[in-house]
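Take a look at the structure below.
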Amino acid sequence: MPSLPNPRLALLLTLAAGLGGVTSAAAQSAAAGAGETIALDAVEVTARRDAEPLSAVPVSVGLVRAQDLELEAPTNAAVDISRAVPNYAVTDVGNPLFAFGAIRGVGTLSFPQNPFDSTIGYALNGNPLSLYSGSQQMLDVERVEVLRGPQNVLFGRSSEGGTVNIVTAQPDGVRDMRVRGEIGTNGNYLTDVIAGGTLIPGVLNGRGAIRFTGGKGDVTNLLTGQTLPDQQIAAARGSLRLFAGERTTITVSGFYENNESDTFNYILRGGANYPAVMLDQPLGFSRRLAIGTAEVKHAFDDFDLTATFSVQDITSHQNSDNTDALIYAQVTGLSPSFFTGTAGPACTDCTRYKFQETAYSAEVRLSSRADAPVRWTAGVSYYHSDFEQGGTNVSSFGPTQNGTYNTQMTLDSTSAFGEIGIPLNERWTLTPGVRVGYDTLSRDGLYISNGAAGTVPAFAESGEVSDPYVAGGLSLSYKVDADSLVYGSIRRGYSNAGFPYFNIFSVFGQPAPSYPASYAWTYEIGGRTALLDGRLRLDGSIFYNNVQDGHVNAFDLLANSFTITALDYYTYGFEANARLRINEGLSVYGGIGYTKAAFFDVATGDASGAADGNSLPNVPNWQGVAGIETSTPLSSLGLPGRLVSNVEYQFAWGGRAADLANTFYLAPYNIVNARVGWQGEQVKVYAFARNLFDDNIETAGTAYTSTVFAVTPGLGRVVGLGAEVRF
Numbered sequence: 071m072p073s074l075p076n077p078r079l080a081l082l083l084t085l086a087a088g089l090g091g092v093t094s095a096a097a098q099s100a101a102a103g104a105g106e107t108i109a110l111d112a113v114e115v116t117a118r119r120d121a122e123p124l125s126a127v128p129v130s131v132g133l134v135r136a137q138d139l140e141l142e143a144p145t146n147a148a149v150d151i152s153r154a155v156p157n158y159a160v161t162d163v164g165n166p167l168f169a170f171g172a173i174r175g176v177g178t179l180s181f182p183q184n185p186f187d188s189t190i191g192y193a194l195n196g197n198p199l200s201l202y203s204g205s206q207q208m209l210d211v212e213r214v215e216v217l218r219g220p221q222n223v224l225f226g227r228s229s230e231g232g233t234v235n236i237v238t239a240q241p242d243g244v245r246d247m248r249v250r251g252e253i254g255t256n257g258n259y260l261t262d263v264i265a266g267g268t269l270i271p272g273v274l275n276g277r278g279a280i281r282f283t284g285g286k287g288d289v290t291n292l293l294t295g296q297t298l299p300d301q302q303i304a305a306a307r308g309s310l311r312l313f314a315g316e317r318t319t320i321t322v323s324g325f326y327e328n329n330e331s332d333t334f335n336y337i338l339r340g341g342a343n344y345p346a347v348m349l350d351q352p353l354g355f356s357r358r359l360a361i362g363t364a365e366v367k368h369a370f371d372d373f374d375l376t377a378t379f380s381v382q383d384i385t386s387h388q389n390s391d392n393t394d395a396l397i398y399a400q401v402t403g404l405s406p407s408f409f410t411g412t413a414g415p416a417c418t419d420c421t422r423y424k425f426q427e428t429a430y431s432a433e434v435r436l437s438s439r440a441d442a443p444v445r446w447t448a449g450v451s452y453y454h455s456d457f458e459q460g461g462t463n464v465s466s467f468g469p470t471q472n473g474t475y476n477t478q479m480t481l482d483s484t485s486a487f488g489e490i491g492i493p494l495n496e497r498w499t500l501t502p503g504v505r506v507g508y509d510t511l512s513r514d515g516l517y518i519s520n521g522a523a524g525t526v527p528a529f530a531e532s533g534e535v536s537d538p539y540v541a542g543g544l545s546l547s548y549k550v551d552a553d554s555l556v557y558g559s560i561r562r563g564y565s566n567a568g569f570p571y572f573n574i575f576s577v578f579g580q581p582a583p584s585y586p587a588s589y590a591w592t593y594e595i596g597g598r599t600a601l602l603d604g605r606l607r608l609d610g611s612i613f614y615n616n617v618q619d620g621h622v623n624a625f626d627l628l629a630n631s632f633t634i635t636a637l638d639y640y641t642y643g644f645e646a647n648a649r650l651r652i653n654e655g656l657s658v659y660g661g662i663g664y665t666k667a668a669f670f671d672v673a674t675g676d677a678s679g680a681a682d683g684n685s686l687p688n689v690p691n692w693q694g695v696a697g698i699e700t701s702t703p704l705s706s707l708g709l710p711g712r713l714v715s716n717v718e719y720q721f722a723w724g725g726r727a728a729d730l731a732n733t734f735y736l737a738p739y740n741i742v743n744a745r746v747g748w749q750g751e752q753v754k755v756y757a758f759a760r761n762l763f764d765d766n767i768e769t770a771g772t773a774y775t776s777t778v779f780a781v782t783p784g785l786g787r788v789v790g791l792g793a794e795v796r797f
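Sequential numbering from 71 applies to the sequence shown in this note's numbering.
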């Protein structure tokens with residue numbers, strides 16, 4: 071059964087809300103008397119590919135600001151920020167290559183089939199990202215936009231459930247020179263160096279950032295004494311903007327990340343030494359990620375032209391011992407020592423893999439000028455990816471996963487798109503949009519046996535699937551006033567057909583099964599407004615999703631077998647957010663989301679374990695965030711600077727099934743992150759706490775048997791000190 075929330079933290083949150091209400095009333099009265107102007111800062115987003123006020127966008131948008139990112143662990147912020155966005159959940163199996171998300175319950179089910187099978191899209195400044203580069207370092211990021219609902223029209227093929235758009239700080243010419251450092255418990259550390267400004271006045275701007283971060287977690291390897299995960303990450307980001315005349319800008323940017331980590335996948339849930347593993351060697355993970363983009367913008371008299379080109383190069387190596395002695399001792403009844411001492415040259419249950427992907431994307435887009443009476447955009451785009459996976463598997467639990475495997479996959483996606491906002495009168499706008507495209511995905515596989523009983527000596531295969539597709543939708547919006555919008559929309563989302571990269575059946579001489587394209591119909595009603603002279607901002611939406619042929623890649627850990635299939639499901643719910651600036655130095659905010667997500671029309675005895683009415687895995691019923699930000703000047707005490715603080719509470723309650731069969735439910739989480747310090751004009755120092763109450767976070771789960779469960783735990787409490795100096 072789903073668990074209830076931690077009553078202590080729920081009580082703390084209630085008391086904080088009550089105190090905030092009292093403070094709010096007093097502060098509002100004082101502000102009114104003093105005639106202060108304390109409106110919230112304007113919010114600008116690129117949810118429709120061009121910068122515009124959030125108040126004008128008929129889309130549900132979850133925002134994570136730069137200061138919000140600083141509350142999260144820098145080694146894992148790309149995953150952890152999902153806890154601060156209602157109805158966005160990320161399944162984290164301890165490996166950033168395979169972290170995958172769901173928005174409003176729509177996402178990859180069980181495990182990604184390949185780097186093209188994201189179901190929700192990831193983008194960097196609007197440019198499409200591979201699933202394998204979506205969880206990257208949040209270095210010099212201005213904000214993250216979580217766009218709920220299908221975004222295929224403007225963000226491409228892989229946005230059936232929504233898009234996570236990472237928006238980086240731009241080379242705008244504003245001087246920004248700073249160094250930030252942190253040191254915390256468990257060996258956690260961070261060093262950021264950021265430099266930006268004007269290089270040649272009126273001609274060239276530049277910006278660059280580098281990061282070194284790392285640290286350890288809370289999971290102990292009982293065989294070696296090593297604490298896991300043990301992460302060492304270096305990253306760099308840079309950009310240049312050239313002004314080629316009054317109407318043309320050229321922006322080039324690059325990003326590089328090198329992640330070298332020892333980690334794990336699942337650990338025994340509830341064991342005597344929890345959290346612990348017993349591995350001859352940890353999961354050795356490395357990823358080198360490089361992304362380059364170029365963008366040309368030219369302003370014509372009647373429209374704007376934007377042309378973009380992007381390249382991604384991803385290389386990852388993974389070496390693992392697949393038999394955690396703590397888990398397999400429970401499964402088999404044998405002593406843990408039976409499963410240890412096997413990770414040498416003759417490893418009996420080990421994996422050695424390499425993943426390599428190179429992807430290219432290009433787009434040419436025309437759009438209306440910002441001051442045009444009719445907003446429109448139209449363009450063509452192309453995405454190409456070459457992916458290769460190879461390595462060796464050794465397993466003593468049966469013929470599957472024994473031998474040398476090599477897979478080569480290619481994706482070609484070509485499409486054209488358009489959207490126009492038709493003003494029906496001064497307040498009503500009808501916005502239709504469509505993307506028409508053609509996707510082709512091919513797979514070539516080669517298997518060579520290691521001599522394990524029951525396997526064929528070798529097997530070569532080839533396959534291809536192609537899909538023409540039409541995705542799009544229609545929205546109708548009503549502009550109540552300059553800061554208020556109400557809208558309704560119907561959209562059709564799409565995710566391409568394909569193959570799994572790993573063919574478990576090749577050992578028997580059987581080709582990899584394909585899976586069909588998935589389509590979703592999404593119905594949404596929402597709105598946003600600003601009240602109290604701009605001091606209070608509210609937004610909310612309700613939704614219903616009907617998904618046909620959702621992609622399923624279910625893995626039976628004991629049988630070493632995959633089930634590749636497609637299942638139908640529905641999701642419905644709501645999200646609501648509020649932010650209030652009580653006075654110049656005090657703001658409160660909160661958001662809550664509810665999602666009901668379940669399968670329907672599932673055949674009895676489906677091999678995936680799913681059944682009619684079963685909940686979708688790792689989708690909480692309730693998810694939310696609440697926080698308070700303060701900034702108190704010390705001038706009344708004759709001291710310089712300000713005392714600043716930020717405390718944030720994140721929660722997920724109820725219904726978070728661990729697997730397709732709903733064998734068990736993941737624990738609810740109640741997380742408090744906090745930061746408090748002193749800030750002057752050029753220097754700030756602070757203390758921080760992440761997961762202050764050391765809550766047990768279960769980010770993923772699997773059932774080995776009906777009684778032996780395993781989970782992937784999130785990071786425990788980390789406390790430390792930090793400082794930033796601006797020049």
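Glycine included, every Cβ here is placed at the ideal spot set by N, Cα and C.
Since this is a predicted model, take the numbers as computed values, not measurements.
Between V289 and F334, the beta carbon gap of about 6 angstroms places them in contact (Cβ cut-off 8 angstroms). Along the length of the stretch 544–630, whole beta strand (DSSP E) runs at least 3 residues long occupy 554–565, 588–601, 606–626, reported in chain order. DSSP places V113 in the coil class of the three-state scheme, outside both helix and strand. For Q749, there is no enclosing alpha helix (DSSP H); the enclosing beta strand (DSSP E) has its first and last residue at 739–749.
Residue state for L312 is assigned as strand, using DSSP reduced to three classes. By the CB criterion at 7 angstroms, G750 and T769 fall outside the cutoff. Ranked by how close their Cα comes to the Cα of P443, the residues E496, A728, G661, L709 have E496 in first place. Between N235 and E212, the CB-CB gap reaches or exceeds 7 angstroms. Here the C-alpha atom of V714 lies approximately 42 angstroms from the C-alpha atom of T499. For the options A668, D626, E230, T470, the alpha carbon positioned closest to that of Y642 is the one of A668.
Bridge partners of P783 according to DSSP: E768.
Counting only residues of its own chain and dropping the five nearest sequence neighbours on each side, N716 has a CB closer than 6 angstroms to the CB of E699, R745. Note that the stretch 170–179 does not touch the stretch 243–259; fewer than 3 beta-carbon pairs, one per stretch, sit closer than 8 angstroms. Across the structure, F186 and D162 are spaced so that their CA atoms are roughly 18 angstroms apart. If you compare the alpha carbons of V540, L546, D441 with that of G491, the shortest gap goes to L546. Using a C-beta cut-off of 8 angstroms, the stretch 365–381 makes contact with the stretch 431–440, since at least three inter-stretch Cβ pairs fall below that distance. If you look at N732, you'll find it isn't in any alpha helix (DSSP H); DSSP assigns it neither H nor E. Between R248 and the set P538, A265, Y259, the nearest pair of CA atoms involves A265. DSSP places N684 in the coil class of the three-state scheme, outside both helix and strand. In this chain, the beta strand (DSSP E) harbouring Q693 covers 692–703. Judged by DSSP in its simplified three-state form, V401 adopts helix. A straight line joining the alpha-carbon of G521 with that of P469 spans about 9 angstroms. Within the same chain, Cβ atoms closer than 6 angstroms to the Cβ of L312 are found at L274, I320, the five residues on either side in sequence being excluded.
In this structure the stretch 702–710 does not touch the stretch 756–763; the number of beta carbon pairs closer than 8 angstroms is below three. For N222, there is no enclosing beta strand (DSSP E); the enclosing alpha helix (DSSP H) covers residues 222–225. Collapsing the DSSP output to three states places T470 in coil.
Going by DSSP, D242 is part of no beta strand (DSSP E) at all; its letter is neither H nor E. By the Cβ neighbour-count rule, R317 is exposed, with fewer than 16 other Cβ atoms within 10 Å of its own.
Its chain contains E114 as the residues whose beta carbon lies nearer than 6 angstroms to that of A121, once the 5 sequence neighbours on both sides are disregarded; these appear in chain order. In this structure, the straight-line span from the alpha carbon of I108 to that of A590 is close to 42 angstroms. If you look at Q137, you'll find it in the alpha helix (DSSP H) that goes 136–139. In this structure, the straight-line span from the alpha carbon of Y640 to that of G219 is close to 13 angstroms.
Sorting V556, G226, D210, A780 by C-alpha distance to the C-alpha of Y539 places G226 at the top. A793 and D509 have their C-alpha atoms some 49 angstroms from each other. Closest in C-alpha terms to A567, from the list T480, A773, D441, R277, comes T480. Put simply, the backbone Cα of S356 is about 5 angstroms away from that of N329.
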